[in-house]
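The C-terminal position of the sequence shown is numbered 479 in the UniProt record's numbering, with every residue numbered one higher than the one before it.
By construction, the Cβ of each residue, glycine as well, lies at the ideal position given by its N, Cα and C atoms.
To start, the structure under review is shown below, and the notes come after it.
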Amino acid sequence: MSRRGSHSSFSSSSDVNFDDLDDQQVFGYLDEDDARPPSPDGRPRRSSADFRLNFSPRISALQTSLSPMPPGHNKHVTRKSVTTTKARSPSLSAKKRIVKRPSSLAISRPTSKLFSSKQDNSSKNERQVTTSTKDSDNDSVVEVSENKEAPASKPRKTESTESTKGSRSSDIAPIANTSAIAAALSSLQAQVELLTKEKVQMEADAATTRTTIENLEHKATASEQSSDLFARQLANVKESFQAKLMAREEEVVLEKMTLTKEKESVVEARELFKVEMKKTKKTLENIQLQASEFAVRQSDRDVALLSRKGRIIQLETQLRNDRQTITQLEAALIKSTRALEKKHTALKVKFQEQKEHLEITLAVRQGLATDLQTKRKQVTELEREVTRLNRAKDKSEVKLKHSHQQIVAIQKIHGHEMEKWTKKFPSATDFDINLEQNNESNIPLLESPDKESEWREFVELVAAYEAERQLHEDLDETY
1 MSRRGSHSSF SSSSDVNFDD LDDQQVFGYL DEDDARPPSP DGRPRRSSAD FRLNFSPRIS
61 ALQTSLSPMP PGHNKHVTRK SVTTTKARSP SLSAKKRIVK RPSSLAISRP TSKLFSSKQD
121 NSSKNERQVT TSTKDSDNDS VVEVSENKEA PASKPRKTES TESTKGSRSS DIAPIANTSA
181 IAAALSSLQA QVELLTKEKV QMEADAATTR TTIENLEHKA TASEQSSDLF ARQLANVKES
241 FQAKLMAREE EVVLEKMTLT KEKESVVEAR ELFKVEMKKT KKTLENIQLQ ASEFAVRQSD
301 RDVALLSRKG RIIQLETQLR NDRQTITQLE AALIKSTRAL EKKHTALKVK FQEQKEHLEI
361 TLAVRQGLAT DLQTKRKQVT ELEREVTRLN RAKDKSEVKL KHSHQQIVAI QKIHGHEMEK
421 WTKKFPSATD FDINLEQNNE SNIPLLESPD KESEWREFVE LVAAYEAERQ LHEDLDETY
């Protein structure tokens, strides 16, 4: 018998995918095998219980054949077969498993002709055999009745010949009946043997089906265990992912705190710059007044004053440049904060999507392996994104540190210059006429080695700032 999945029913290897099996697939083939309606008690119909033999009509037919029939009953021979089939729709697999069996037990017609040829007009017999068999595939009832008569009586001869034939036919009649009974019994025995063989074969097939059912039940239990284990693994992965996400949220909060602190420091630096600007303006006004007074008194110091004015202009340009750098740093900070906020929102959206997807996958058993692979890929991508964000954050922190160092250096240079100017201008009122003549010799003293070293440090700081700004622009273009 051919059953679905019989080639893999006896294999219990661990590499079989049990997740694709369900109750309908495991136990569905039993409905296809047995397309007949169940018994009235509700129990399933066994294949070996469908063979039922009804020998009572056969015995009654043999008894009637032994009884003498009326003389006018042998004029014709009739054969009648009635077949009734129940309406059903067996499945394709059930149709393939149909075994051809002999549907009826009938006594061959040539034997009846042999007995009828031996009988003469004096003896008339009738033999009727009714066979009723219910097969497991078609449940058909076949009734076969044969009424055989001897050929028409010949024209009478003489009374002496009729009397001799009557005595002979009376001797042959019991012999013919016994031989017919023996032939019928032999045919019945042969058919009973065939039916017993078929019954044994059907029982063997039923045993194989039982073994396949047991194997499938074992496989179903194994698949349930594997699905439970996989669900536990998914729960563990979900917990670890949530812990990582909480840690990342804490890091983001810390980053926000640092950004707020840096903003506060920038505001304080602005206030300091404003105060310094006011002080410088006041000092410049004083310097201008003093220079106008000295211009009236000292015509020889115009060159020195012009040089000093040029220095003042340079300082103003430096202040403007410092303002521009501050504005650029503020713009860079705003861009970095916006980028971080966008990335944070994107990560939140991705986390919500992943969370919903995980809840759906916990409700569904099929396709868990493929879903797990996709989740792992997405988790790796998110980790890469997090590492990339951390790198960008570190780079921005480095930039902020460099900018802060540059601002501090500029403040120091500016303060140092202002101290020099404040030290030099109060002593200018006490200059003598002799000192006025020696102004040209005092001008080179402004360019001392210390001032040159400070100027070089300032140039190096400006170059470092330009390099950092270029790197920041390159990073913005890449991201």
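Can you tell which of the options has the C-alpha that lies nearest to the C-alpha of residue i?
{"i": "HIS414", "options": "ASP302, VAL386, VAL303, LYS279", "result": "LYS279"}
{"i": "GLN373", "options": "ALA346, LEU234, ALA180", "result": "LEU234"}
{"i": "GLN242", "options": "ARG469, LYS335, ALA339, LEU382", "result": "LEU382"}
{"i": "SER396", "options": "GLN191, ILE213, ALA339", "result": "ALA339"}
{"i": "ASP228", "options": "LEU306, LYS377, GLU477, LEU362", "result": "LEU362"}
{"i": "ASP394", "options": "THR178, GLU214, LEU289, VAL252", "result": "VAL252"}
{"i": "LYS420", "options": "GLN225, ALA291, ARG308", "result": "ARG308"}
{"i": "ASP322", "options": "GLN298, PHE273, HIS218, GLN189", "result": "PHE273"}
{"i": "LYS424", "options": "ALA291, ARG456, GLU477", "result": "ALA291"}
{"i": "ILE287", "options": "THR327, LYS335, VAL200, THR422", "result": "THR422"}
{"i": "VAL459", "options": "GLN406, GLN324, ARG384", "result": "GLN406"}
{"i": "MET277", "options": "GLU250, GLU264, ASP302, THR317", "result": "THR317"}
{"i": "residue 481", "options": "THR178, ASN177, GLU466, SER179", "result": "In the structure as shown, the chain starts at 1 and stops at 479, and residue 481 therefore has no counterpart that could be examined."}
{"i": "VAL379", "options": "LEU289, ILE313, LYS335, SER240", "result": "SER240"}
Measuring CB to CB, does residue i end up less than 8 Å from residue j?
{"i": "LEU259", "j": "THR337", "result": "yes"}
{"i": "ALA409", "j": "LEU475", "result": "no"}
{"i": "LEU245", "j": "PHE351", "result": "yes"}
{"i": "HIS402", "j": "ALA464", "result": "yes"}
{"i": "LEU315", "j": "GLU417", "result": "yes"}
{"i": "GLU468", "j": "LYS355", "result": "no"}
{"i": "LYS256", "j": "LEU358", "result": "no"}
{"i": "GLU330", "j": "VAL266", "result": "yes"}
{"i": "HIS472", "j": "ALA332", "result": "yes"}
{"i": "VAL386", "j": "ARG248", "result": "yes"}
{"i": "LYS342", "j": "LEU389", "result": "no"}
{"i": "LEU306", "j": "ALA295", "result": "no"}
Does the beta carbon of residue i sit closer than 8 Å to a beta carbon anywhere in chain D?
{"i": "ILE181", "result": "Looking for chain D here will not work: only one protein chain is present."}
Which runs of the alpha helix (DSSP H) fall wholly inside the stretch 261-286 and span at least 4 residues, in chain order? none
Residue ranges of each beta strand (DSSP E) run of no fewer than 3 residues wholly in the stretch 311-397, ordered along the chain? Within the stretch 311-397, no complete beta strand (DSSP E) run reaches 3 residues.
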